[in-house]
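Peer 1:
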Amino acid sequence: NISQVQARQILDSRGYPTIQVTLHLEGGGSVEAATPAGASTGAHEAVELRDGGGPFGGRGVRQAVAAAEGELATLLTGRSWPSLADLDAAMRELDGTETLSRLGGNTIVGLSMAAARGFAALDRIPLHTWIASQTHSLERLPVPHFNVLNGGAHASNDLVFQEFMIAPIGAGTFENALEWGAEIYHALAFRVKRQFGTAGLGDEGGFAPPIAQPEQALDLLIAAISDAGYTASTDQVAIALDPAANGFRADPGYELPRGAVSTDELLDYYVRLVDTYPIWSIEDGFAEDDIPGWVAQYSRLGDRIQLVGDDLYVTDPMRIAAGAADHLSNSVLIKPNQIGTVTQTFEAIRVARENGMTCMISHRSGETLDTFIADLAVGAGVGQIKSGAPARGERVGKYNRLAEIARSQAEVPYGLY
Ligand code: PGA
Ligand code: ZN
27 NISQVQARQI LDSRGYPTIQ VTLHLEGGGS VEAATPAGAS TGAHEAVELR DGGGPFGGRG
87 VRQAVAAAEG ELATLLTGRS WPSLADLDAA MRELDGTETL SRLGGNTIVG LSMAAARGFA
147 ALDRIPLHTW IASQTHSLER LPVPHFNVLN GGAHASNDLV FQEFMIAPIG AGTFENALEW
207 GAEIYHALAF RVKRQFGTAG LGDEGGFAPP IAQPEQALDL LIAAISDAGY TASTDQVAIA
267 LDPAANGFRA DPGYELPRGA VSTDELLDYY VRLVDTYPIW SIEDGFAEDD IPGWVAQYSR
327 LGDRIQLVGD DLYVTDPMRI AAGAADHLSN SVLIKPNQIG TVTQTFEAIR VARENGMTCM
387 ISHRSGETLD TFIADLAVGA GVGQIKSGAP ARGERVGKYN RLAEIARSQA EVPYGLY
């Protein structure tokens with residue numbers, strides 16, 4: 027039972043406001059959560075409630091704080107909640123909109139994450155263990171996908187693809203994976219500094235050198251992996267891309283640095299990259315509205331690599347089910363704040379699995395110190411997470427939480443699902 031709800035405006039990793047909530051539990055103790063925010067958001071994501079006027083160019087969340095401490099606090103306190111599903115459904119119903127625009131997806135997901143922590147505390151078990159029981163999963167330590175070169179909406183360079191990630195698939199343990207990732211990151215720093223004289227960072231802690239061509243980024247990664255003494259291959263240190271194609275969509279095609287391309291030409295380009303580099307996964311290779319692009323990609327690359335839908339699905343169970351039926355992709359990116367409640371996040375994972383799709387748990391480019399997604403990745407046993415570079419506090423917080431879980435749960439296996 028919740029005795030009091032408190033909320034406040036804090037800054038996220040980009041210096042913009044976001045909401046942090048505290049639930050005080052009857053019988054003592056409290057639980058907390060903070061909501062992250064995206065920059066390259068999908069059109070169908072849960073809507074963030076922002077003030078629209080006042081400081082921070084209208085990006086303040088004072089109305090969201092008021093909603094949490096007002097209407098939502100009245101709902102949540104003074105009754106006992108049999109399950110998180112009941113609590114989440116009641117918040118949705120109180121909001122009354124499909125996209126949670128009245129009380130804010132940012133408000134509701136924060137309360138939902140805190141409430142999940144409350145249920146775990148009530149059972150006196152760690153959050154990841156509680157999540158495993160709720161989602162009927164076998165716990166697993168995920169392969170971290172370190173986003174070490176940043177472009178797109180996350181950097182000020184001309185690199186159109188948003189994320190170039192390294193995935194230590196063959197590291198054997200999470201501890202090794204973290205070590206490999208950090209060593210490669212440092213090797214990359216050395217190269218980037220030498221070649222460009224500066225090693226400035228993008229929003230997710232990856233380097234953002236002044237390059238434009240994806241091949242330049244991929245060549246840098248391959249060199250850094252080898253400098254650090256590891257093998258770049260799809261079963262050792264693999265590469266994963268998130269082009270985030272909404273960002274360079276120029277309907278009916280796309281705008282690449284070398285000029286405009288059609289959907290078919292973009293797909294040919296991805297096939298060439300997959301033929302040339304150890305790329306094991308591509309996320310949002312096509313824009314959310316380019317369904318023919320997704321269908322063509324699935325038929326040409328679906329049996330070779332993982333094809334992840336992020337903006338395409340926005341963690342929405344219905345969209346995921348439809349995407350599976352239409353053969354749009356074989357994998358789903360999972361971001362709790364895209365859909366607005368933890369219960370629907372669990373449902374999204376369930377639907378993905380039921381359809382034979384893999385899941386990758388994800389942070390947002392605007393993050394906080396909240397490590398909920400680390401426990402979610404282990405508890406739901408999906409085998410993959412992306413939380414940015416192995417640098418910057420808000421990114422490594424999630425990786426360090428995973429390392430902490432790995433240390434305390436020696437029997438939990440590491441690796442892809
Ligand atoms: P976002 O980017 O958090 O800015 O939306 C992350 C992603 O596209 O995966
Ligand atoms: Zn993405």
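Residue 102 in UniProt numbering sits at position 76 of the sequence shown, and the numbers go up by one each step. Positions of the beta carbon are idealized from the N, C-alpha and C atoms, including for glycine. These numbers come from a predicted model, not from an experiment.
1. Span of the beta strand (DSSP E) holding Ile360?
2. Using a threshold of 9 Å, state whether the C-beta atoms of Ile45 and Thr133 are closer than that.
3. Measuring alpha carbon to alpha carbon, tell me which residue in Leu49, Asp316, Ile305 is nearest Leu292.
4. Whose CA, out of His154, Gly144, Gly104, lies closest to the CA of Ala403?
5. Quick one: grab the DSSP three-state call for Leu185.
6. From this set, Trp156, Ala147, Glu97, Met139, which residue's C-alpha is nearest Arg128's C-alpha?
7. Taking three-plus beta-carbon pairs below 8 Å as touching, is the segment 143 to 152 in contact with the segment 230 to 244?
8. Mapping DSSP to helix, strand and coil, what is Arg421?
9. Label Ser109 either buried or exposed according to how many other C-beta atoms from any shown protein chain fall within 10 Å of its C-beta, with 16 as the threshold for buried.
10. From this set, Gly178, Ala264, Phe216, which residue's C-alpha is nearest Ala203's C-alpha?
11. In angstroms with no decimal places, state the Cα-to-Cα distance between Ala347 and Phe216.
12. Can you look up Leu175 in the DSSP assignment and give me helix, strand or coil?
13. Evaluate Met344 with the Cβ neighbour count: other Cβ atoms within 10 Å of its Cβ, from every protein chain shown; 16 or more gives buried, anything less gives exposed.
14. At 4 residues or longer, what runs of the alpha helix (DSSP H) sit wholly inside the segment 252 to 300?
15. With a threshold of 16 other CB atoms inside 10 Å of the CB of Asp77, please say whether the residue is buried or exposed.
16. Counting only the same chain and skipping the five closest in sequence on each side, list residues whose C-beta sits under 7 Å from that of Ile192.
17. At what residue ranges does the segment 121 to 153 contain a whole run of the alpha helix (DSSP H), taking only runs of 4 or more?
18. Check whether the segment 177 to 187 and the segment 57 to 74 are in contact - that is, three or more C-beta pairs closer than 8 Å.
19. Using CA coordinates, which residue listed in Ser29, Pro318, Glu281, Ala322 is at the minimum distance from Gln239?
Peer 2: According to the data block:
1. Locating residue 360 in the sequence shown gives position 334, where the first residue counts as 1. Ile360 -> beta strand (DSSP E) spans 357 to 360.
2. Residue numbering aside, residue 45 sits at position 19 when the sequence shown is read from its first letter. Residue numbering aside, residue 133 sits at position 107 when the sequence shown is read from its first letter. Going by C-beta atoms, Ile45 is nearer than 9 Å to Thr133.
3. Looking up residue 292 in the sequence shown gives position 266. Of all alpha-carbon atoms in Leu49, Asp316, Ile305, the one lying nearest the alpha-carbon of Leu292 is that of Asp316.
4. Numbered from its first residue, the sequence shown carries residue 403 at position 377. Of the listed residues, the one whose Cα sits closest to Ala403 is His154.
5. Counting from one through the sequence shown, the residue named residue 185 turns up at place 159. Leu185: coil per DSSP, three-state reduction.
6. Indexing the sequence shown from 1 puts residue 128 at position 102. Measuring C-alpha to C-alpha distances from Arg128 to each of Trp156, Ala147, Glu97, Met139 identifies Glu97 as the nearest.
7. Counting Cβ pairs under 8 Å, fewer than three are found: no touch.
8. Within the sequence shown, the letter at position 395 stands for residue 421. Three-state DSSP puts Arg421 in a helix.
9. Position 83 of the sequence shown, counted from the start, is the residue given in the question as residue 109. With fewer than 16 Cβ atoms within 10 Å of its Cβ, Ser109 is classed as exposed.
10. Against the sequence shown, residue 203 aligns to sequence position 177. For the residues Gly178, Ala264, Phe216, the minimum Cα distance to Ala203 belongs to Ala264.
11. As a first step, residue 347 must be located in the sequence shown, where it is residue number 321. As a first step, residue 216 must be located in the sequence shown, where it is residue number 190. Answer to the nearest angstrom: the Cα atoms are 44 Å apart.
12. Walking along the sequence shown from the start, residue 175 turns up at place 149. In this structure, Leu175 counts as strand in the three-state DSSP scheme.
13. On the sequence shown, residue 344 is found 318 positions in, with the first residue counted as 1. Counting Cβ neighbours within 10 Å, Met344 comes out exposed, since fewer than 16 surround it.
14. As far as the segment 252 to 300 is concerned, it has no whole alpha helix (DSSP H) run of at least 4 residues.
15. Numbered from its first residue, the sequence shown carries residue 77 at position 51. Here Asp77 is buried, its C-beta having at least 16 other C-beta atoms within 10 Å.
16. Here residue 192 is taken as the residue at index 166 of the sequence shown, counted from 1. In its chain, beyond the 5 residues on either side, Phe172, Val174, Gly207, Ile210, Leu247, Ile251, Val263, Ile265 have a beta carbon closer than 7 Å to the beta carbon of Ile192.
17. Runs of alpha helix (DSSP H) with 4 or more residues, each lying fully within the segment 121 to 153, are found at 131 to 148, listed in chain order.
18. By the Cβ test, the segment 177 to 187 is in contact with the segment 57 to 74, since at least three Cβ pairs between them sit closer than 8 Å.
19. Counting from one through the sequence shown, the residue named residue 239 turns up at place 213. Checked all of Ser29, Pro318, Glu281, Ala322; the closest Cα to Gln239 is Glu281.
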